[in-house]
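Undergrad: Protein chains in written order, with my numbering: chain A, 75 to 467; chain B, 403 to 666.
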Ligand SMILES: Cc1ncc(COP(=O)(O)O)c(C=O)c1O
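Here is the structure:
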């Protein structure tokens, strides 16, 4: 587990680099550049500085007293990634990749986005480092995450609407990859989650692992021990892997990844790749995938745009297969209830994505002993979701 | 030597260039694809690339994307495409390459796929998202079945990497003429001449050039450089524009005839 992935980006049977030849040299170049940066203390120092001075890290690990009391069981802590600059964990990764792009001398960046949080975080670092920025976003997501579209434009990015398929995250990623095939010589592709071809899954995981490292330090300070359980939502898997990774060797810490069950696991309208998919290859890696019997990728669905993706990062597939983490599901309806619950109990409006993690904790906390500790990754804030919530009311 | 190798040998002996045509199977229907293919053979097409539609063709431009979507809507599957090849084989010896993405093959089962494809009469496979680094899981089966494994070389492929690719390529080498997805730019002959020249220093394998060739003039120019050219998006577009015409086959064949003549 500690020396994965292998040099070709494989986590056991998952991961790899299933990419068009045109992109292969760029992926190899990125791997080398990232390998160098990883060993370079000045990169770590620079990254650290931006995380602290610009993004506002460390984020608090907040004891949710009223929520804990209302549920009547385990103690609940919230890792406040929503308090990062730009409002989600996505900035942890975009800062890392933009610094790398700068080292590689690339002045243009592109990204895909679903909820728009990764798009905003990319547009933000592009502005910060004076880079040209294009964001690919499905038209359905442009509609349901409008505030983030405005933010990206204000930050100086071009938002490219994607019409194909269901016009959501998968389609945005397809289009970003196609654009990259044509622009690969001078453009850096900032992938927003622990997916894509090697080295993206491992690189994004490492950039996000700060979440779990901070949790560990903070919980040891307040509780003097590790949590019993970590809970995080899983779209492509970056906030979850960031939360889990520091604890991967601590066998007593249970890890729960929450996938989106959309309208229900007994329907086709969900995004639960691990719970409801089969192994396949999409967007450069082998992983659990929603697909039909002929290997055609199925359209995912979730009320949370950031979870509305038919694949999942390969390391999560590996964690699922080995049993290191457990993957569960939460429906739209449960997520909406959790959204409202946290808003009213704690005065914190969570992103609909993060609401999936909250909802699962709400299901299991009441039956747990009061001395148990759950840490939930509150991956982002919910301002962007006001429109969606109003539409459901 | 398989049908592909023999074809290039006989073309070389006559000092001719290979005309390779790509079609998306099942667009507008598998039946139409079959009729088109048989017509194309008579119009002088040397090798066929039959596209297996995939839901997420990330290396393809809008034309082939749309064709794949249409083909999937009419229920085209890899199974159906293999049956189509078997059907064609009853009446034709034209070399056939299956062109597509890995997931439909993976879902079918790599072992079963190689066996069935060979039985059906497929000669080679080209899997866009399976670079040499990942190819072995399929190649152990396609090699055993005696199928050629067509490798792609891109304008971005450096010399060191090219050598690695050449080590395992069989059939012919497919040089991607543009830095971009299919059908989105016109190839630049001078750049291609230089790159193909560099590849030739390292291999005697036939080199075909494709991704963006659409006119007779381009065919002639690039045919003068490579051992073969691939026409893809241009044919797919023509098929779409004339999908409802009774003369679909004639229109497509007329266009291909023109290209063939310019190739010389
Ligand atoms: C707030 C928030 N949480 C979670 C996600 C899901 O991504 P990941 O699984 O990579 O953390 C997103 C994606 O857009 C998001 O915006």
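Ideal Cβ positions, reconstructed from N, Cα and C, are used throughout, including at glycine.
Taking the alpha-carbon of residue 446 of chain B as reference, which of B:463, B:436, B:421 and B:433 has the nearest alpha-carbon?
TA: B:421
Undergrad: Just to make sure I have the definition right: I need the residues of chain B whose C-beta is within less than 7 Å of the C-beta of residue 356 of chain A. Which are they?
TA: 458 and 505
Undergrad: Cα separation between residue 632 of chain B and residue 404 of chain B?
TA: Those two C-alpha atoms are separated by around 19 Å.
Undergrad: Quick one: residues in its chain with C-beta nearer than 6 Å to the C-beta of residue 254 of chain A, no 5 flanking neighbours on either side, listed in chain order?
TA: Counting only Cβ-Cβ distances below 6 Å, and skipping sequence neighbours, we find 263.
Undergrad: Output yes if chain B places a C-beta closer than 8 Å to the C-beta of residue 82 of chain A; else output no.
TA: yes
Undergrad: Can you pull the chain B residues whose beta carbon is under 7 Å from the beta carbon of residue 251 of chain A, in chain order?
TA: 460
Undergrad: Is DSSP giving residue 117 of chain A helix, strand or coil here?
TA: helix
Undergrad: In its own chain, which residues sit with a C-beta less than 8 Å from the C-beta of residue 413 of chain A, not counting the 5 before and 5 after it?
TA: 423, 424, 426, 429, 432, 456, 459 and 463
Undergrad: Please go through the segment 584-629 of chain B and give each complete beta strand (DSSP E) segment of 3 or more residues, from N-terminal end onward.
TA: 609-612
Undergrad: Can you name the residues of chain A whose CB is closer than 7 Å to the CB of residue 586 of chain B?
TA: 256
Undergrad: Can you pull the chain A residues whose beta carbon is under 9 Å from the beta carbon of residue 510 of chain B, in chain order?
TA: 368 and 369
Undergrad: State the beta-bridge partners of residue 478 of chain B as determined by DSSP.
TA: For residue 478 of chain B, which the question treats as bridged, DSSP gives no partner whatsoever.
Undergrad: Could you check if residue 192 of chain A belongs to the surroundings of ligand 1, using beta carbon to heavy atom distance under 7 Å?
TA: yes
Undergrad: Please confirm if residue 235 of chain A has its CB atom under 8 Å from at least one CB of chain B.
TA: Any Cβ of chain B closer than 8 Å to the Cβ of residue 235 of chain A would place that residue at the interface, and such an atom is absent.
Undergrad: Taking 8 Å as the CB-CB cut-off, is residue 248 of chain A touching chain B?
TA: yes
Undergrad: What does residue 480 of chain B reach in chain A if we use C-beta pairs closer than 9 Å?
TA: 368 and 369
Undergrad: According to the neighbour-count rule (16 or more other Cβ atoms, all chains shown, within 10 Å of its Cβ), is residue 417 of chain B buried or exposed?
TA: exposed
Undergrad: Going by C-alpha to C-alpha distance, which of A:181, A:191 and A:149 sits closest to residue 162 of chain A?
TA: A:191
Undergrad: Apply the 10 Å Cβ neighbour rule to residue 81 of chain A and answer buried if 16 or more other Cβ atoms are within range, or exposed otherwise.
TA: Residue 81 of chain A should be labelled exposed.
Undergrad: If distances are taken between C-alpha atoms only, which option among A:319, A:306, A:187 and A:91 comes closest to residue 77 of chain A?
TA: A:319
Undergrad: With hydrogens ignored, establish whether the beta-carbon of residue 313 of chain A is closer than 7 Å to any heavy atom of ligand 1.
TA: yes
Undergrad: With distances taken between CB atoms, is the gap from residue 574 of chain B to residue 608 of chain B smaller than 8 Å?
TA: A distance below 8 Å separates the beta carbons of residue 574 of chain B and residue 608 of chain B.
Undergrad: Is it the case that the Cβ atoms of residue 638 of chain B and residue 465 of chain B are separated by a distance below 8 Å?
TA: yes
Undergrad: Pick from B:410, B:635 and B:646: whose alpha carbon is nearest that of residue 585 of chain B?
TA: B:635
Undergrad: Rounded to a whole number of angstroms, what is the C-alpha to C-alpha distance between residue 198 of chain A and residue 113 of chain A?
TA: 26 Å
Undergrad: Counting only Cβ pairs nearer than 7 Å, list the residues of chain A close to residue 532 of chain B.
TA: 92
Undergrad: Quick check on residue 224 of chain A: buried or exposed, where buried means 16 or more other Cβ atoms within 10 Å of its Cβ?
TA: exposed
Undergrad: Can you list, in chain order, the stretches of the alpha helix (DSSP H) that have 4 or more residues and sit fully within the segment 107-154 of chain A?
TA: 115-123 and 139-145
Undergrad: Any Cβ of chain B within less than 8 Å of the Cβ of residue 388 of chain A?
TA: no
Undergrad: Looking only at C-alpha atoms, which of A:129, A:120, A:107 and A:138 sits nearest to residue 417 of chain A?
TA: A:138
Undergrad: In angstroms with no decimal places, state the Cα-to-Cα distance between residue 84 of chain A and residue 90 of chain A.
TA: 5 Å
Undergrad: Hey, would you say residue 346 of chain A sits closer than 8 Å to residue 328 of chain A, going by beta carbons?
TA: no
Undergrad: Looking at C-alpha atoms only, which residue of B:526, B:427, B:613 and B:563 is the closest neighbour of residue 594 of chain B?
TA: B:613
Undergrad: Buried or exposed, going by whether 16 or more other CB atoms sit within 10 Å of the CB of residue 227 of chain A?
TA: exposed
Undergrad: Grab the span of the alpha helix (DSSP H) containing residue 285 of chain A for me, first residue to last.
TA: From DSSP, the alpha helix (DSSP H) with residue 285 of chain A extends over 284-297.
Undergrad: Count the CB pairs spanning the segment 470-488 of chain B and the segment 507-522 of chain B that are closer than 8 Å, and state whether there are at least three.
TA: yes
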